[in-house]
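**Student:**
Residue numbers (full-length UniProt numbering): 1 to 360.
Pasting the structure below:
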(Lines of atoms letter the chains of each structure in order from A; the text may use other names.)
(Lines give C-alpha, C1' and ligand atoms only; values in the text may rest on other atoms or scores of the structure.)
Protein backbone atom coordinates (compact mmCIF):
# COMPACT_ATOMS: atom_id res chain seq x y z
CA UNK A 1 0.00 0.00 0.00
CA UNK A 2 1.36 3.39 -0.95
CA UNK A 3 1.11 6.65 0.96
CA UNK A 4 0.57 4.86 4.25
CA UNK A 5 0.87 8.10 6.22
CA UNK A 6 -2.22 9.40 4.46
CA UNK A 7 -4.17 6.67 6.27
CA UNK A 8 -3.57 8.43 9.57
CA UNK A 9 -5.01 11.74 8.41
CA UNK A 10 -8.60 10.95 9.42
CA UNK A 11 -7.41 10.04 12.92
CA UNK A 12 -5.10 13.04 13.25
CA UNK A 13 -7.93 15.33 12.15
CA UNK A 14 -9.72 14.58 15.44
CA UNK A 15 -6.98 16.52 17.20
CA UNK A 16 -7.46 14.43 20.34
CA UNK A 17 -5.02 14.49 23.25
CA UNK A 18 -5.86 10.87 24.02
CA UNK A 19 -6.46 7.67 21.99
CA UNK A 20 -9.72 7.56 20.03
CA UNK A 21 -12.60 6.11 22.03
CA UNK A 22 -15.57 4.51 20.26
CA UNK A 23 -18.38 3.47 22.59
CA UNK A 24 -21.99 2.40 22.52
CA UNK A 25 -24.21 -0.67 22.69
CA UNK A 26 -23.52 -3.96 21.01
CA UNK A 27 -26.94 -3.61 19.35
CA UNK A 28 -29.32 -0.74 18.74
CA UNK A 29 -32.47 -2.01 20.48
CA UNK A 30 -34.87 0.93 20.69
CA UNK A 31 -34.74 4.62 19.87
CA UNK A 32 -34.95 5.47 23.56
CA UNK A 33 -32.02 3.18 24.37
CA UNK A 34 -29.76 4.60 21.63
CA UNK A 35 -30.50 8.21 22.55
CA UNK A 36 -30.10 7.60 26.29
CA UNK A 37 -26.69 5.98 25.86
CA UNK A 38 -25.58 8.67 23.41
CA UNK A 39 -26.41 11.45 25.86
CA UNK A 40 -24.64 9.62 28.69
CA UNK A 41 -21.54 9.37 26.49
CA UNK A 42 -21.72 12.90 25.12
CA UNK A 43 -19.38 14.56 27.61
CA UNK A 44 -16.96 11.66 28.05
CA UNK A 45 -13.76 10.75 26.18
CA UNK A 46 -15.92 8.88 23.66
CA UNK A 47 -15.94 10.69 20.32
CA UNK A 48 -17.79 8.12 18.24
CA UNK A 49 -21.08 6.35 19.02
CA UNK A 50 -21.22 2.71 17.93
CA UNK A 51 -24.25 0.47 17.61
CA UNK A 52 -24.88 -2.75 15.74
CA UNK A 53 -27.76 -2.41 13.29
CA UNK A 54 -27.41 -5.76 11.57
CA UNK A 55 -26.10 -8.48 13.88
CA UNK A 56 -24.71 -11.60 12.18
CA UNK A 57 -25.04 -14.26 14.87
CA UNK A 58 -23.19 -17.56 14.94
CA UNK A 59 -26.45 -19.48 15.23
CA UNK A 60 -29.95 -18.51 14.07
CA UNK A 61 -32.69 -17.68 16.53
CA UNK A 62 -30.74 -15.03 18.45
CA UNK A 63 -31.43 -11.31 18.13
CA UNK A 64 -30.07 -10.26 14.72
CA UNK A 65 -30.58 -6.51 14.88
CA UNK A 66 -33.37 -4.06 14.22
CA UNK A 67 -32.22 -3.39 10.66
CA UNK A 68 -32.28 -0.07 8.82
CA UNK A 69 -34.73 1.44 11.33
CA UNK A 70 -31.79 1.74 13.73
CA UNK A 71 -29.97 4.02 11.30
CA UNK A 72 -32.62 6.68 11.92
CA UNK A 73 -31.89 6.45 15.65
CA UNK A 74 -28.15 6.81 15.06
CA UNK A 75 -28.73 9.86 12.88
CA UNK A 76 -30.96 11.42 15.54
CA UNK A 77 -28.35 10.69 18.24
CA UNK A 78 -25.73 12.39 16.07
CA UNK A 79 -27.93 15.47 15.63
CA UNK A 80 -28.68 15.73 19.36
CA UNK A 81 -25.18 15.06 20.74
CA UNK A 82 -22.74 15.96 17.98
CA UNK A 83 -21.05 12.58 18.29
CA UNK A 84 -19.92 10.81 15.15
CA UNK A 85 -21.54 7.44 14.41
CA UNK A 86 -20.35 4.02 13.33
CA UNK A 87 -21.89 0.65 12.53
CA UNK A 88 -21.00 -2.66 10.90
CA UNK A 89 -21.77 -3.32 7.24
CA UNK A 90 -21.75 -6.82 5.81
CA UNK A 91 -22.88 -6.35 2.20
CA UNK A 92 -23.35 -3.62 -0.45
CA UNK A 93 -26.99 -3.04 0.60
CA UNK A 94 -25.83 -2.23 4.13
CA UNK A 95 -23.25 0.16 2.68
CA UNK A 96 -25.84 2.03 0.62
CA UNK A 97 -28.15 2.45 3.62
CA UNK A 98 -25.33 3.52 5.96
CA UNK A 99 -24.20 6.14 3.47
CA UNK A 100 -27.78 7.32 2.98
CA UNK A 101 -28.06 7.98 6.72
CA UNK A 102 -24.64 9.64 6.82
CA UNK A 103 -22.92 7.15 9.14
CA UNK A 104 -19.40 8.53 9.60
CA UNK A 105 -17.40 5.34 10.12
CA UNK A 106 -18.23 1.91 8.71
CA UNK A 107 -16.61 -1.24 9.95
CA UNK A 108 -16.29 -4.67 8.39
CA UNK A 109 -16.82 -7.48 10.88
CA UNK A 110 -14.72 -10.54 11.58
CA UNK A 111 -17.13 -12.91 9.85
CA UNK A 112 -17.03 -10.75 6.72
CA UNK A 113 -13.26 -10.26 6.62
CA UNK A 114 -12.82 -14.01 6.12
CA UNK A 115 -14.42 -13.78 2.65
CA UNK A 116 -12.42 -11.93 -0.03
CA UNK A 117 -15.49 -12.15 -2.28
CA UNK A 118 -17.72 -10.20 0.13
CA UNK A 119 -14.95 -7.76 1.03
CA UNK A 120 -14.50 -7.01 -2.67
CA UNK A 121 -18.24 -6.39 -3.09
CA UNK A 122 -18.18 -3.97 -0.15
CA UNK A 123 -15.05 -2.26 -1.50
CA UNK A 124 -16.78 -1.77 -4.86
CA UNK A 125 -19.84 -0.29 -3.11
CA UNK A 126 -17.60 2.09 -1.13
CA UNK A 127 -15.33 3.01 -4.03
CA UNK A 128 -13.99 6.53 -3.63
CA UNK A 129 -15.92 7.33 -0.45
CA UNK A 130 -14.47 9.82 2.01
CA UNK A 131 -15.97 7.87 4.92
CA UNK A 132 -13.64 6.08 7.29
CA UNK A 133 -13.64 2.29 6.97
CA UNK A 134 -12.29 0.00 9.70
CA UNK A 135 -11.55 -3.68 9.20
CA UNK A 136 -11.85 -6.16 12.05
CA UNK A 137 -9.44 -9.06 12.06
CA UNK A 138 -10.82 -12.29 10.60
CA UNK A 139 -12.24 -14.90 12.95
CA UNK A 140 -9.19 -17.12 12.43
CA UNK A 141 -5.61 -15.96 13.14
CA UNK A 142 -4.60 -15.10 9.56
CA UNK A 143 -2.66 -11.86 9.11
CA UNK A 144 -2.61 -12.12 5.31
CA UNK A 145 -6.40 -12.33 5.19
CA UNK A 146 -6.68 -9.28 7.44
CA UNK A 147 -4.25 -7.22 5.39
CA UNK A 148 -5.80 -8.49 2.16
CA UNK A 149 -9.13 -6.95 3.15
CA UNK A 150 -7.42 -3.60 3.85
CA UNK A 151 -5.61 -3.76 0.52
CA UNK A 152 -8.86 -4.39 -1.37
CA UNK A 153 -10.37 -1.27 0.19
CA UNK A 154 -7.24 0.75 -0.50
CA UNK A 155 -7.31 -0.37 -4.13
CA UNK A 156 -10.90 0.89 -4.31
CA UNK A 157 -9.53 4.39 -3.58
CA UNK A 158 -10.76 4.47 0.02
CA UNK A 159 -8.30 6.77 1.75
CA UNK A 160 -9.46 6.68 5.37
CA UNK A 161 -8.64 3.22 6.64
CA UNK A 162 -7.91 1.53 9.94
CA UNK A 163 -8.11 -1.88 11.59
CA UNK A 164 -9.82 -3.25 14.67
CA UNK A 165 -8.25 -6.02 16.73
CA UNK A 166 -11.09 -8.07 18.25
CA UNK A 167 -9.29 -11.33 18.95
CA UNK A 168 -9.38 -14.74 17.28
CA UNK A 169 -11.46 -17.82 17.82
CA UNK A 170 -9.81 -20.92 19.27
CA UNK A 171 -11.02 -24.48 19.67
CA UNK A 172 -9.69 -24.70 23.20
CA UNK A 173 -11.40 -22.76 25.98
CA UNK A 174 -9.38 -19.94 27.57
CA UNK A 175 -10.22 -17.05 29.86
CA UNK A 176 -11.00 -14.99 26.76
CA UNK A 177 -14.00 -15.18 24.48
CA UNK A 178 -11.57 -14.64 21.62
CA UNK A 179 -7.83 -15.04 22.14
CA UNK A 180 -5.98 -11.73 21.70
CA UNK A 181 -3.02 -13.25 19.83
CA UNK A 182 -1.19 -9.96 20.44
CA UNK A 183 1.73 -11.05 18.28
CA UNK A 184 -0.44 -10.90 15.15
CA UNK A 185 -1.45 -7.30 15.83
CA UNK A 186 2.18 -6.44 16.64
CA UNK A 187 3.28 -7.92 13.32
CA UNK A 188 0.65 -5.83 11.55
CA UNK A 189 1.97 -2.74 13.33
CA UNK A 190 5.50 -3.57 12.21
CA UNK A 191 4.42 -3.98 8.59
CA UNK A 192 2.19 -0.90 8.47
CA UNK A 193 3.04 1.43 11.38
CA UNK A 194 0.87 4.24 9.96
CA UNK A 195 -2.30 2.15 9.73
CA UNK A 196 -4.46 3.12 12.75
CA UNK A 197 -4.98 0.18 15.10
CA UNK A 198 -7.96 0.05 17.46
CA UNK A 199 -8.65 -2.54 20.15
CA UNK A 200 -12.09 -4.08 20.70
CA UNK A 201 -11.63 -5.38 24.27
CA UNK A 202 -15.31 -6.32 24.59
CA UNK A 203 -15.16 -9.12 22.03
CA UNK A 204 -11.79 -10.34 23.24
CA UNK A 205 -12.93 -10.45 26.86
CA UNK A 206 -16.48 -11.74 26.56
CA UNK A 207 -16.92 -10.45 30.11
CA UNK A 208 -16.66 -7.00 31.60
CA UNK A 209 -14.23 -7.65 34.48
CA UNK A 210 -11.11 -7.88 32.31
CA UNK A 211 -11.85 -5.03 29.90
CA UNK A 212 -9.65 -2.56 31.77
CA UNK A 213 -6.60 -4.85 31.65
CA UNK A 214 -7.03 -5.38 27.92
CA UNK A 215 -7.34 -1.64 27.33
CA UNK A 216 -4.17 -0.97 29.32
CA UNK A 217 -2.26 -3.63 27.37
CA UNK A 218 -3.38 -2.00 24.13
CA UNK A 219 -2.15 1.40 25.26
CA UNK A 220 1.14 -0.16 26.37
CA UNK A 221 1.46 -1.47 22.81
CA UNK A 222 0.78 1.98 21.30
CA UNK A 223 -2.69 1.26 19.91
CA UNK A 224 -4.47 4.28 18.48
CA UNK A 225 -7.87 3.72 20.03
CA UNK A 226 -10.45 1.59 21.80
CA UNK A 227 -13.92 0.38 20.83
CA UNK A 228 -15.81 -0.51 24.01
CA UNK A 229 -19.36 -1.86 24.12
CA UNK A 230 -21.33 0.38 26.47
CA UNK A 231 -24.96 0.05 27.59
CA UNK A 232 -27.00 1.98 30.17
CA UNK A 233 -28.28 -1.33 31.63
CA UNK A 234 -25.80 -3.98 30.43
CA UNK A 235 -27.46 -6.95 32.12
CA UNK A 236 -30.64 -6.24 30.18
CA UNK A 237 -28.91 -5.95 26.79
CA UNK A 238 -30.44 -7.94 23.96
CA UNK A 239 -27.04 -9.24 22.80
CA UNK A 240 -23.64 -9.86 24.44
CA UNK A 241 -24.82 -8.61 27.84
CA UNK A 242 -21.87 -10.04 29.79
CA UNK A 243 -19.25 -8.00 27.93
CA UNK A 244 -20.91 -4.58 28.05
CA UNK A 245 -20.21 -1.88 30.64
CA UNK A 246 -22.08 1.23 31.74
CA UNK A 247 -21.05 4.72 30.55
CA UNK A 248 -20.07 5.49 34.17
CA UNK A 249 -17.73 2.48 34.20
CA UNK A 250 -16.26 3.61 30.89
CA UNK A 251 -15.54 7.04 32.37
CA UNK A 252 -13.75 5.43 35.32
CA UNK A 253 -11.73 3.15 33.04
CA UNK A 254 -10.62 6.14 30.99
CA UNK A 255 -9.51 7.91 34.18
CA UNK A 256 -7.55 4.89 35.41
CA UNK A 257 -5.78 4.06 32.15
CA UNK A 258 -2.17 5.19 31.81
CA UNK A 259 -0.91 6.42 28.47
CA UNK A 260 2.75 5.48 28.18
CA UNK A 261 5.36 7.64 26.48
CA UNK A 262 6.56 5.98 23.29
CA UNK A 263 10.16 6.67 24.23
CA UNK A 264 12.21 8.52 26.82
CA UNK A 265 15.30 10.57 26.05
CA UNK A 266 16.65 10.03 29.57
CA UNK A 267 20.22 8.69 29.43
CA UNK A 268 19.59 6.58 32.53
CA UNK A 269 16.50 5.06 30.90
CA UNK A 270 18.35 4.30 27.68
CA UNK A 271 21.24 2.67 29.55
CA UNK A 272 18.92 0.49 31.65
CA UNK A 273 16.90 -0.49 28.61
CA UNK A 274 20.03 -1.38 26.61
CA UNK A 275 21.31 -3.52 29.47
CA UNK A 276 18.02 -5.37 29.88
CA UNK A 277 17.68 -5.90 26.13
CA UNK A 278 21.17 -7.37 26.06
CA UNK A 279 20.09 -9.82 28.76
CA UNK A 280 17.03 -10.73 26.67
CA UNK A 281 19.25 -11.35 23.62
CA UNK A 282 21.49 -13.67 25.65
CA UNK A 283 18.51 -15.57 27.06
CA UNK A 284 16.97 -15.91 23.59
CA UNK A 285 20.20 -17.36 22.19
CA UNK A 286 20.32 -19.83 25.09
CA UNK A 287 16.71 -20.81 24.36
CA UNK A 288 17.59 -21.59 20.75
CA UNK A 289 20.55 -23.69 21.82
CA UNK A 290 18.42 -25.61 24.37
CA UNK A 291 15.67 -26.24 21.82
CA UNK A 292 18.25 -27.46 19.32
CA UNK A 293 19.63 -29.88 21.93
CA UNK A 294 16.12 -31.10 22.70
CA UNK A 295 15.41 -31.79 19.02
CA UNK A 296 18.65 -33.74 18.70
CA UNK A 297 17.43 -35.97 21.53
CA UNK A 298 14.10 -36.29 19.72
CA UNK A 299 16.00 -37.40 16.62
CA UNK A 300 17.67 -40.15 18.64
CA UNK A 301 14.29 -41.23 20.05
CA UNK A 302 12.96 -41.32 16.48
CA UNK A 303 15.78 -43.67 15.46
CA UNK A 304 15.01 -45.99 18.40
CA UNK A 305 11.29 -46.02 17.54
CA UNK A 306 12.01 -46.72 13.88
CA UNK A 307 14.29 -49.64 14.77
CA UNK A 308 11.53 -51.19 16.91
CA UNK A 309 8.67 -50.18 14.54
CA UNK A 310 7.01 -48.09 17.30
CA UNK A 311 4.60 -45.25 16.51
CA UNK A 312 5.82 -41.68 16.81
CA UNK A 313 2.99 -40.39 19.00
CA UNK A 314 2.96 -41.75 22.55
CA UNK A 315 -0.15 -40.10 24.05
CA UNK A 316 0.37 -41.23 27.65
CA UNK A 317 3.94 -39.95 27.72
CA UNK A 318 2.91 -36.64 26.12
CA UNK A 319 0.12 -36.06 28.67
CA UNK A 320 2.57 -36.71 31.50
CA UNK A 321 5.04 -34.18 30.10
CA UNK A 322 2.33 -31.56 29.62
CA UNK A 323 0.94 -31.99 33.13
CA UNK A 324 4.39 -31.80 34.70
CA UNK A 325 5.38 -28.73 32.73
CA UNK A 326 2.20 -26.86 33.66
CA UNK A 327 2.95 -27.47 37.35
CA UNK A 328 6.60 -26.57 36.90
CA UNK A 329 5.66 -23.42 35.00
CA UNK A 330 3.31 -22.26 37.75
CA UNK A 331 6.13 -22.53 40.28
CA UNK A 332 8.20 -20.20 38.08
CA UNK A 333 5.46 -17.63 37.56
CA UNK A 334 4.51 -18.79 34.05
CA UNK A 335 0.84 -19.00 33.10
CA UNK A 336 -0.79 -22.28 32.16
CA UNK A 337 -1.87 -20.75 28.84
CA UNK A 338 1.73 -19.88 27.95
CA UNK A 339 3.11 -23.29 28.96
CA UNK A 340 0.45 -25.09 26.91
CA UNK A 341 1.18 -23.00 23.83
CA UNK A 342 4.93 -23.35 24.21
CA UNK A 343 5.09 -27.09 24.78
CA UNK A 344 2.48 -27.91 22.14
CA UNK A 345 4.69 -26.08 19.64
CA UNK A 346 7.78 -27.91 20.91
CA UNK A 347 5.93 -31.22 20.77
CA UNK A 348 4.81 -30.60 17.19
CA UNK A 349 8.37 -29.81 16.12
CA UNK A 350 9.55 -32.98 17.86
CA UNK A 351 6.93 -35.02 15.97
CA UNK A 352 8.05 -33.43 12.70
CA UNK A 353 11.66 -34.45 13.40
CA UNK A 354 10.69 -38.03 14.24
CA UNK A 355 8.37 -38.32 11.23
CA UNK A 356 11.23 -37.27 8.99
CA UNK A 357 13.39 -40.02 10.46
CA UNK A 358 10.61 -42.60 10.09
CA UNK A 359 10.27 -41.76 6.40
CA UNK A 360 14.02 -41.59 5.82
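Glycine residues also receive a C-beta, built at the ideal position from the N, C-alpha and C atoms.
#1: Where do the ends of the alpha helix (DSSP H) carrying residue 174 lie?
#2: Keeping to the same chain, check which residues put their C-beta closer than 6 Å to that of residue 108; ignore five residues upstream and five downstream.
#3: In the DSSP assignment, find the unbroken beta strand (DSSP E) run with residue 83 in it and report its ends.
#4: Nearest-angstrom Cα distance between residue 44 and residue 225?
#5: Could you check what DSSP says for residue 27 in three-state terms: helix, strand or coil?
#6: Just to confirm the assignment: which complete alpha helix (DSSP H) runs, minimum length 4, are found wholly within the segment 89–155?
#7: Find out if the Cβ-Cβ distance for the pair residue 130, residue 160 is shorter than 8 Å.
#8: Contact check, residue 105 vs residue 86 under 8 Å by CB: the rounded distance?
#9: Secondary structure at residue 246, three-state DSSP: helix, strand or coil?
#10: Quick check: what's the CA-CA separation for residue 362 versus residue 275?
#11: Nearest to residue 253 by alpha carbon, out of 123, 323, 228?
#12: On a CA-only basis, which of 74, 78, 124 is nearest residue 93? Give me that one, please.
#13: Let me know if residue 300 comes out buried or exposed under the rule of 16 or more other beta-carbons within 10 Å of its beta-carbon.
#14: DSSP on residue 203, reduced to helix/strand/coil?
#15: Rank 231, 312, 95, 138 by C-alpha distance to the C-alpha of residue 121 and give the top, closest one.
#16: Are residue 36 and residue 232 touching if we call contact CB-CB under 8 Å?
#17: For residue 168, which beta-bridge partners are listed by DSSP?
#18: Since I believe residue 326 is in contact with residue 313 (beta carbons under 8 Å), could you give me their beta-carbon distance rounded to a whole number of angstroms?
#19: By alpha-carbon positions, which one of 338, 322, 311 ends up nearest to residue 352?
#20: Helix, strand or coil: how does DSSP classify residue 163 here?
#21: Could you give the DSSP three-state label for residue 195: helix, strand or coil?
#22: Helix, strand or coil for residue 302, going by three-state DSSP, please let me know.
#23: Using alpha carbons as the reference points, say which of 304, 295, 142, 347 lies closest to residue 320.
#24: What are the residues that DSSP puts in a beta bridge with residue 280?
#25: What residues match up with residue 229 in a beta bridge as DSSP calls it?
#26: Determine the extent of the alpha helix (DSSP H) in which residue 214 is found, giving its start and end residues.
**Tutor:** For this structure:
#1: Stepping through the chain shown from its first residue, residue 174 is reached at position 174. DSSP places residue 174 in no alpha helix (DSSP H); its state is neither H nor E.
#2: Reading the chain shown from its first residue, position 108 is the one you call residue 108. Counting only Cβ-Cβ distances below 6 Å, and skipping sequence neighbours, we find 135.
#3: For the purposes of this step, residue 83 is taken as residue 83 along the chain shown, with counting starting at 1. Annotation for residue 83: no beta strand (DSSP E) segment contains it, and DSSP assigns it neither H nor E.
#4: On the chain shown, position 44 is the one that residue 44 refers to. On the chain shown, position 225 is the one that residue 225 refers to. So the alpha carbons of these two residues sit roughly 14 Å apart.
#5: Position 27 of the chain shown, counted from the first residue, corresponds to residue 27. Shown here, residue 27 sits in a strand according to DSSP, grouped into three states.
#6: Fully enclosed alpha helix (DSSP H) runs of 4 or longer: 92–100, 110–113, 116–126, 143–155.
#7: On the chain shown, residue 130 is found 130 positions in, with the first residue counted as 1. On the chain shown, residue 160 is found 160 positions in, with the first residue counted as 1. Going by C-beta atoms, residue 130 is nearer than 8 Å to residue 160.
#8: Sequence index remark: in the chain shown, residue 105 carries index 105 (1-based). Sequence index remark: in the chain shown, residue 86 carries index 86 (1-based). Confirmed, Cβ separation roughly 4 Å.
#9: Residue mapping note: residue 246 aligns to position 246 of the chain shown, counting from 1. Collapsing the DSSP output to three states places residue 246 in coil.
#10: There is simply no residue 362 to check, as the chain begins at 1 and stops at 360 in what is shown.
#11: Working through the chain shown from its first residue, we reach residue 253 at position 253. Comparing alpha-carbon positions, the option among 123, 323, 228 lying closest to residue 253 turns out to be 228.
#12: As a working note, residue 93 is residue 93 in the chain shown. Comparing Cα positions, the closest option is 124.
#13: Counting from one through the chain shown, the residue named residue 300 turns up at place 300. Burial call: exposed.
#14: Position 203 of the chain shown holds residue 203. In the structure shown, residue 203 sits in a helix (DSSP, three-state: H, G or I).
#15: Translated into the one-based positions of the chain shown, residue 121 becomes position 121. Of the residues 231, 312, 95, 138, the one whose Cα lies closest to the Cα of residue 121 is 95.
#16: Stepping through the chain shown from its first residue, residue 36 is reached at position 36. Stepping through the chain shown from its first residue, residue 232 is reached at position 232. Their beta carbons are under 8 Å apart, which means residue 36 touches residue 232 by this criterion.
#17: In the chain shown, the residue the question calls residue 168 occupies position 168. Its beta-bridge partners are 179.
#18: Your numbering for residue 313 matches position 313 in the chain shown. Your numbering for residue 326 matches position 326 in the chain shown. Approximately 20 Å separates the beta-carbon atoms of residue 313 and residue 326; this is outside 8 Å, ruling out the contact.
#19: Start at 1 with the first residue of the chain shown, and residue 352 comes out as number 352. Checked all of 338, 322, 311; the closest Cα to residue 352 is 311.
#20: As a position in the chain shown, residue 163 is number 163, starting the count at 1. DSSP places residue 163 in strand when its eight states are reduced to three.
#21: Along the chain shown, read from residue 1 onward, the residue named residue 195 stands at position 195. Three-state result, residue 195: coil.
#22: Along the chain shown, one-based indexing puts residue 302 at 302. For residue 302, the secondary structure class from DSSP, reduced to helix, strand or coil, is helix.
#23: In the chain shown, the residue the question calls residue 320 occupies position 320. Comparing Cα positions, the closest option is 347.
#24: Taking the first residue of the chain shown as 1, we reach residue 280 at position 280. The partner list for residue 280 (beta bridge, DSSP) is empty, contrary to what the question assumes.
#25: As a working note, residue 229 is residue 229 in the chain shown. Among the bridge pairs identified by DSSP, residue 229 is matched with 24.
#26: As a first step, residue 214 must be located in the chain shown, where it is residue number 214. Unbroken alpha helix (DSSP H) run through residue 214: 211–220.
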